Amino acid sequence: MISSISSTIIRLFRIKKFAIGLLILLVVLFIGIVGPAIYEVSPTRTIGRRYVPPGEKYPLGTDALGRDVLAQFLHGIRGSLYVGAIASAISLSLAIFLGTIAAVFGGLVDKIVMTLSEILLLIPSILLMMLLAAYLPERSLWIVAVVIGITSWAGWCRGFRSRTLSILSSEFINLAILSGASRLNIIIRDIVPIIAPYVLAAFAMLFSYSIMAEVGLTLVGVGMTKDVTLGLMLYVAQIYANISQGIWWTIVPPSITVTLIFLSLYMIATSIDELFSYR
Amino acid sequence: MSKVILEVKNLTKVYRIGLIRQKEIVAVNNINFNVKEGEIISLVGESGSGKTTTARIILRLLRPTSGNVLFNGKDIWRDIRNRKELKWYWRNVNGVFQDPYSSFNPTHTIRFVMLRKFNLFDEEMDYDTKISMIKEALKEVGLIPEEILDKRSFELSGGMRQRVLIAQIFLIRPKLVIADEPTSMIDATLRLSLLDLFLKLRDEFKTSQIFITHDLGLATYTSDRILVMYKGKIVEEGTPEEILNKPSHPYTKKLLESVPKLYSKWFT
Numbered sequence: 001m002i003s004s005i006s007s008t009i010i011r012l013f014r015i016k017k018f019a020i021g022l023l024i025l026l027v028v029l030f031i032g033i034v035g036p037a038i039y040e041v042s043p044t045r046t047i048g049r050r051y052v053p054p055g056e057k058y059p060l061g062t063d064a065l066g067r068d069v070l071a072q073f074l075h076g077i078r079g080s081l082y083v084g085a086i087a088s089a090i091s092l093s094l095a096i097f098l099g100t101i102a103a104v105f106g107g108l109v110d111k112i113v114m115t116l117s118e119i120l121l122l123i124p125s126i127l128l129m130m131l132l133a134a135y136l137p138e139r140s141l142w143i144v145a146v147v148i149g150i151t152s153w154a155g156w157c158r159g160f161r162s163r164t165l166s167i168l169s170s171e172f173i174n175l176a177i178l179s180g181a182s183r184l185n186i187i188i189r190d191i192v193p194i195i196a197p198y199v200l201a202a203f204a205m206l207f208s209y210s211i212m213a214e215v216g217l218t219l220v221g222v223g224m225t226k227d228v229t230l231g232l233m234l235y236v237a238q239i240y241a242n243i244s245q246g247i248w249w250t251i252v253p254p255s256i257t258v259t260l261i262f263l264s265l266y267m268i269a270t271s272i273d274e275l276f277s278y279r
Numbered sequence: 280m281s282k283v284i285l286e287v288k289n290l291t292k293v294y295r296i297g298l299i300r301q302k303e304i305v306a307v308n309n310i311n312f313n314v315k316e317g318e319i320i321s322l323v324g325e326s327g328s329g330k331t332t333t334a335r336i337i338l339r340l341l342r343p344t345s346g347n348v349l350f351n352g353k354d355i356w357r358d359i360r361n362r363k364e365l366k367w368y369w370r371n372v373n374g375v376f377q378d379p380y381s382s383f384n385p386t387h388t389i390r391f392v393m394l395r396k397f398n399l400f401d402e403e404m405d406y407d408t409k410i411s412m413i414k415e416a417l418k419e420v421g422l423i424p425e426e427i428l429d430k431r432s433f434e435l436s437g438g439m440r441q442r443v444l445i446a447q448i449f450l451i452r453p454k455l456v457i458a459d460e461p462t463s464m465i466d467a468t469l470r471l472s473l474l475d476l477f478l479k480l481r482d483e484f485k486t487s488q489i490f491i492t493h494d495l496g497l498a499t500y501t502s503d504r505i506l507v508m509y510k511g512k513i514v515e516e517g518t519p520e521e522i523l524n525k526p527s528h529p530y531t532k533k534l535l536e537s538v539p540k541l542y543s544k545w546f547t
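Quick mapping for you: the protein sequence lines, in order, are chains A and B.
Numbering of the first sequence is given in our numbering, commencing with residue 1 and proceeding in unit increments.
Numbering of the second sequence is given in our numbering, commencing with residue 280 and proceeding in unit increments.
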């Protein structure tokens, strides 16, 4: 057990793409976790003139409202990672739970889950999120994460369902039934261990998707109203037309970071997928 | 005469495919037979003749379209309702499948696979008793328990896997074993020793067996009675001698002709 896991991990690290992706992610995570603790400037208070270029006093300058961009950036990374983790955890657990249940129980359960996921897939999820988010009076980081989480499980749910169906056709499922194992026991002991690598890949993909979705929601104006995220920074920069004014320091750091997070998670997800689909 | 433990009455299974223009495939067509205590019967037939479907229905993995399967006088679909009765049924009727490679979950150790069978037992046992029973069952089929207990199926050879499957049968000691082509994916040299395990099962525990195969030669080696299935129907029934000497149905004759004539060609 332990030896096979460790050999898998060693093989995983031999894939360059994975190592680079993990390194980028760890650096971003480190900045997000440690950064706000070291650089103790409030990201939401006006501390100086607007649009001060990067200099000694403000390492990344100030934005349209005279707030410190570096503080916003550090807190923004943290906020975005929060949103990503919460949203992807919610949608991933929904996807695994509903996907396996639909496949194992079949019949009416399957029909209900599949219809629900079809509805979610047919309506553009950004539209759903906008409707949900606009309906809520106060939007904290948590609420936005939950909104993203419950609207983005459909695709992976179908994936897990079909993977489960193919596992269910194996002979060992019949033998498990003949051993008196219940359906829940079969899901937990037979199916989940086999789809675990896909869960990792799905988590990485959903994580990056959630971060991007939050940026998108904030950019159209129905995102966070309280906390700072990278999306909010971009939103503020965009409504004050910083791009056309050449105020690069409010735009470049968050966009690069969002791209890096997405890229690193994508690299991790595809290399995990590559490793396990070789066999 | 010993008593009948399993009765199959007018069993039919129809698969429907297609949504608008439905097509019906009759996999099993109105078959009747019974199994007596301690008896080994063989279901012989080509692929697609409905042998495996019959096995799955008897193992209660598949619901028949019509007809009944009675075990000790109980209808397995109508009289068995709750989990307790289901476990009782599988405690008494269990199976070995054709493919030892897909019969194991690659993430499970042999220990887990064997321990899982204790689900079927009513009596409470502590871990040590279970393990010693497992070891005994593994020894019975000629495996060394200490070597394989913590291995996963992909670390074992095909023959060893099939032996582990048979060890599960030795562990639960059912009244009836349904063996669905247990030797078809095993090297020819190992076949006989596996068949002897099934005979040992019968001699030691008086286990009845339904032996499913496409090979008439294997069927004659073990069985007391042979049923020949063709296109979902039982076309012929009799002792091995009767089938070999006086085949009446054209399909049985063809089957007999197709037993390899290796020796006669080369050595005479």
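Every residue gets a Cβ at the ideal spot worked out from N, C-alpha and C, and that includes glycine.
Since the model is a prediction, treat every value here as computed from it, not as a measurement.
Is the shortest distance between the beta-carbon of S166(A) and the beta-carbons of chain B less than 8 angstroms? Taking the first sequence and counting its residues from 1, one reaches residue 166(A) at position 166. No, S166(A) does not count as interfacial toward chain B.
Chain-ordered chain A contacts of S381(B) [CB-CB under 7 angstroms]: Walking along the second sequence from the start, residue 381(B) turns up at place 102. Here the neighbours are S170, E171 and F172.
How far does the beta strand (DSSP E) with N185(A) in it extend, from its first residue to its last? As a working note, residue 185(A) is residue 185 in the first sequence. Counting along the chain, N185(A) falls outside any beta strand (DSSP E), though it belongs to the alpha helix (DSSP H) covering R183 to I186.
If you measure from the beta carbon of T62(A) to each beta carbon in chain B, is any gap under 8 angstroms? Along the first sequence, one-based indexing puts residue 62(A) at 62. Chain B contact via Cβ: absent.
Kindly list the residues whose CB is nearer than 8 angstroms to the CB of F477(B), restricted to its own chain and excluding five residues on each side of it in sequence; keep chain order. Within the second sequence, residue 477(B) is the residue found at index 198, counting from 1. Cβ within range, chain order: I319, I445, V456, A458, P461, Q488, F490 and T501.
Kindly confirm or deny that the stretch 76-85 of chain A and the stretch 128-148 of chain A touch, where touching means at least three C-beta pairs closer than 8 angstroms. yes
For the stretch 178-212 of chain A, which residues have a beta carbon sitting closer than 8 angstroms to at least one beta carbon of chain B? L178, S179, G180, A181, S182, R189, D190, P193 and I194
Should P453(B) and N373(B) be called a contact, given that it needs their Cβ atoms to be closer than 8 angstroms? Taking the second sequence and counting its residues from 1, the one referred to as residue 453(B) is at position 174. Taking the second sequence and counting its residues from 1, the one referred to as residue 373(B) is at position 94. Yes, they are a contact pair.
Answer yes or no: does any C-beta atom of chain B fall closer than 8 angstroms to that of A280(A)? Chain A is shown from 1 up to 279; residue 280(A) falls before or after that span and cannot be answered.
In whole angstroms, what separates the C-alpha of C157(A) from that of F397(B)? Position 157 of the first sequence, counted from the start, is the residue given in the question as residue 157(A). Position 118 of the second sequence, counted from the start, is the residue given in the question as residue 397(B). Cα to Cα, the separation comes out at about 33 angstroms.
Three-way DSSP call (helix, strand, coil) for R189(A) in this model: For the purposes of this step, residue 189(A) is taken as residue 189 along the first sequence, with counting starting at 1. In the structure shown, R189(A) sits in a helix (DSSP, three-state: H, G or I).
What is the DSSP secondary structure of Y368(B), counted as helix, strand or coil? Walking along the second sequence from the start, residue 368(B) turns up at place 89. Note: Y368(B) maps to helix in three-state DSSP.
Quick one: is I261(A) buried, meaning 16 or more other Cβ sit within 10 Å of its Cβ, or exposed? Here residue 261(A) is taken as the residue at index 261 of the first sequence, counted from 1. Looking at its Cβ environment, which holds 16 or more other Cβ atoms inside 10 Å, I261(A) is buried.
Beta-carbon neighbours of N373(B), restricted to chain A and to distances below 7 angstroms: Counting from one through the second sequence, the residue named residue 373(B) turns up at place 94. Correct list: L178.
So with CB distances below 9 angstroms, who are the chain A contacts of R481(B)? Here residue 481(B) corresponds to residue number 202 of the second sequence, with the count starting at 1. Going along chain A, no residue has its Cβ under 9 angstroms from R481(B), so there is no contact; the nearest lies around 20 angstroms.
Please determine if the stretch 208-219 of chain A and the stretch 189-196 of chain A are in contact, where contact requires at least 3 C-beta pairs separated by less than 8 angstroms. no
Return the chain-ordered list of same chain residues with a C-beta closer than 7 angstroms to the C-beta of F314(A), the five sequence neighbours on each side being excluded. Nothing can be reported for residue 314(A): it is not among the residues displayed for chain A, which extend from 1 to 279.
Chain A beta carbons: is any one of them nearer than 8 angstroms to that of D358(B)? Your numbering for residue 358(B) matches position 79 in the second sequence. Using beta-carbon distances, D358(B) does not count as an interface residue toward chain A, since no partner is under 8 angstroms.
L265(A) at chain B interface by Cβ criterion, 8 angstroms: Indexing the first sequence from 1 puts residue 265(A) at position 265. So no, L265(A) is outside the interface.
Rounded to the nearest angstrom, what separates S411(B) and M404(B) at their Cα positions? For this step, residue 411(B) is matched to residue 132 along the second sequence. For this step, residue 404(B) is matched to residue 125 along the second sequence. Linking S411(B) to M404(B) through their CA atoms gives a straight-line distance of about 11 angstroms.
Can you name the residues that DSSP bridges to K512(B)? As a working mapping, residue 512(B) is identified with position 233 in the second sequence. K512(B) pairs with Y509(B).
Neighbourhood of L428(B) by C-beta distance below 6 angstroms, restricted to the same chain and skipping five residues each side: Against the second sequence, residue 428(B) aligns to sequence position 149. So the list reads I389 and R390, once near-sequence residues are dropped.
Looking only at C-alpha atoms, which of G216(A), G221(A), P197(A) and V69(A) sits nearest to R50(A)? Against the first sequence, residue 50(A) aligns to sequence position 50. Ranking the options by Cα distance to R50(A), first place goes to V69(A).
State the start and end residues of the unbroken alpha helix (DSSP H) segment that holds G84(A). Within the first sequence, residue 84(A) is the residue found at index 84, counting from 1. Run containing G84(A): V69 to F105, per the alpha helix (DSSP H) assignment.
Any idea what DSSP makes of H482(B), helix, strand or coil? Position 203 of the second sequence holds residue 482(B). Rather than His, the amino acid found at residue 482(B) in this sequence is Asp. The answer is helix: DSSP assigns D482(B) an H, G or I state.
Residues of chain A with a CB under 8 angstroms from the CB of D378(B): which are they? The sequence position of residue 378(B) within the second sequence is 99, counting from 1. Correct list: E171.
Cβ pair count under 8 angstroms reaching 3, the stretch 244-259 of chain A against the stretch 315-331 of chain B: no
So, helix, strand or coil for S6(A), using DSSP? Translated into positions along the first sequence, residue 6(A) becomes position 6. Of the three classes helix, strand and coil, the one that applies to S6(A) here is helix, per DSSP.
Would you mind stating whether G511(B) and S328(B) have Cβ atoms separated by less than 8 angstroms? Position 232 of the second sequence, counted from the first residue, corresponds to residue 511(B). Position 49 of the second sequence, counted from the first residue, corresponds to residue 328(B). In contact: G511(B) and S328(B) (Cβ atoms closer than 8 angstroms).
In its own chain, which residues sit with a C-beta less than 7 angstroms from the C-beta of S117(A), not counting the 5 before and 5 after it? In the first sequence, the residue the question calls residue 117(A) occupies position 117. Hits under 7 angstroms: A154, C157 and R158.
Pull up the distance between the alpha-carbon of S537(B) and that of G496(B), whole angstroms please. In the second sequence, residue 537(B) corresponds to position 258, counting from 1. In the second sequence, residue 496(B) corresponds to position 217, counting from 1. The straight-line gap from Cα to Cα measures roughly 10 angstroms.
If you drop the 5 nearest sequence neighbours on each side, which residues of the same chain put their C-beta closer than 7 angstroms to that of R161(A)? As a working mapping, residue 161(A) is identified with position 161 in the first sequence. Result list for R161(A): G99, A102 and A103, in chain order.
Could one say the Cβ of I398(B) lies closer than 8 angstroms to chain A's Cβ atoms, at least one of them? By one-based count along the second sequence, residue 398(B) stands at place 119. First, the residue type needs correcting, since residue 398(B) is Asn and not Ile in the sequence shown. Answer yes: the Cβ-Cβ gap between N398(B) and chain A drops below 8 angstroms somewhere.
Could you tell me if S271(A) is buried or exposed, where buried requires 16 or more neighbouring beta carbons within 10 angstroms of its beta carbon? Taking the first residue of the first sequence as position 1, residue 271(A) is located at position 271. S271(A) should be labelled buried.
Expressed to the nearest angstrom, what Euclidean distance is found between the alpha-carbon atoms of D378(B) and A133(A)? For the purposes of this step, residue 378(B) is identified with residue 99 of the second sequence, where counting begins at 1. For the purposes of this step, residue 133(A) is identified with residue 133 of the first sequence, where counting begins at 1. Each residue's alpha carbon lies about 53 angstroms from the other.
Of the residues L535(B), H528(B), S472(B) and V307(B), which one's Cα is nearest the Cα of L422(B)? Within the second sequence, numbered from 1, the residue matching residue 422(B) stands at position 143. Minimum Cα distance to L422(B) is reached at S472(B).
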